[in-house]
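Have a look at the structure below, then the notes.
Numbering (the numbering used here), first residue to last: 217 to 520.
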């Protein structure tokens, strides 16, 4: 019975990335023995084989410098609400699309989806350490505000104010930006996407201060929160992607409508997530380092 081929590879990035394997023993129809591998000196591995007799025992010498440094994947966190979170009715949300798109641009990325349905900036702040900082990200995408701006007129008695005040919303966004910059992370703020009335939304929210006769009436409070986000982006000098404006611009093109981009009047559908991705990837490319070649071979074998 022949022996199985024995290969050697190097492990990097906490077990996520391997170099290409190098065969150091294979059955070629003759007697073979598995070799010994040991570190001859720091940064230098020797592969020794004392069979068959009479052959030089040193089969292969590998230096650490023979292998280029393998860059760790760029850690990106998408931090948001149900628009960011995975959704069964959506084939791929924007975080998944971004992860698939970046390698073609020379970036190996690990994208963490930290979207939680119904999340406001207040709730998000309570999980910020666990869902964002604990990942030690290089880039953080923040898309929050839709739930902060909501006025729950469907309650009894009806609410008259947004769930999170404008002042608290601004303070929370500023806190996220300042904390992340202190840790060396790059920040991308994304304004929430606009809403459109549906029969169900009219039933729930079709009361003042919302105006059901205005196609943009359900987005009126949200528009004010988007302006706050734009202001924070200027003050904190971070990147902003104005999705609220981008979706409205899409609506102005003949034959197109914001409804084309929405699943239920509130959340982007697959086409909407694709538009988000198209706007997001170029901004990530400006902030994230590109890969270097993973491996280079010295070609040296034998000798001492």
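Cβ coordinates follow ideal geometry from the N, Cα and C atoms, glycine included.
Rounded separation between residue i and residue j - CA only
{"i": "residue 428", "j": "residue 435", "result": "11 Å"}
{"i": "residue 409", "j": "residue 460", "result": "5 Å"}
{"i": "residue 234", "j": "residue 417", "result": "51 Å"}
{"i": "residue 309", "j": "residue 298", "result": "10 Å"}
{"i": "residue 510", "j": "residue 321", "result": "Confidence is the limiting factor: at residue 510 the pLDDT is only 37, short of 50, which leaves the residue's position unreliable, though a coordinate-based value still follows. Residue 510 and residue 321: Cα-Cα distance of roughly 15 Å."}
{"i": "residue 404", "j": "residue 303", "result": "22 Å"}
{"i": "residue 384", "j": "residue 378", "result": "11 Å"}
{"i": "residue 462", "j": "residue 484", "result": "13 Å"}
{"i": "residue 394", "j": "residue 452", "result": "7 Å"}
{"i": "residue 492", "j": "residue 477", "result": "10 Å"}
{"i": "residue 296", "j": "residue 319", "result": "24 Å"}
{"i": "residue 482", "j": "residue 443", "result": "19 Å"}
{"i": "residue 372", "j": "residue 381", "result": "20 Å"}
{"i": "residue 345", "j": "residue 396", "result": "11 Å"}
Integer Cβ distance of residue i from residue j, believed to fall under 8 Å
{"i": "residue 503", "j": "residue 355", "result": "5 Å"}
{"i": "residue 501", "j": "residue 357", "result": "That pair is no contact at about 13 Å."}
{"i": "residue 376", "j": "residue 458", "result": "Between residue 458 and residue 376 the Cβ distance is about 28 Å, and since that is not below 8 Å, they are no contact."}
{"i": "residue 314", "j": "residue 327", "result": "6 Å"}
{"i": "residue 401", "j": "residue 448", "result": "Between residue 448 and residue 401 the Cβ distance is about 16 Å, and since that is not below 8 Å, they are no contact."}
Within 8 Å, strictly: CB atoms of residue i and residue j
{"i": "residue 412", "j": "residue 475", "result": "yes"}
{"i": "residue 369", "j": "residue 423", "result": "yes"}
{"i": "residue 317", "j": "residue 290", "result": "no"}
{"i": "residue 305", "j": "residue 329", "result": "no"}
{"i": "residue 366", "j": "residue 332", "result": "no"}
{"i": "residue 433", "j": "residue 426", "result": "yes"}
{"i": "residue 262", "j": "residue 279", "result": "no"}
With 16 other Cβ atoms within 10 Å as the buried cut-off, status of residue i
{"i": "residue 526", "result": "Outside the shown range of the chain (217 to 520) lies residue 526, about which nothing can therefore be said."}
{"i": "residue 388", "result": "buried"}
{"i": "residue 469", "result": "exposed"}
{"i": "residue 437", "result": "buried"}
{"i": "residue 225", "result": "exposed"}
{"i": "residue 254", "result": "exposed"}
{"i": "residue 421", "result": "buried"}
{"i": "residue 353", "result": "buried"}
Say whether the region 352-366 touches the region 320-340, bearing in mind that this needs 3 or more beta-carbon pairs closer than 8 Å, one atom from each stretch. Three or more pairs of CB atoms, one per stretch, sit closer than 8 Å, so the region 352-366 contacts the region 320-340.
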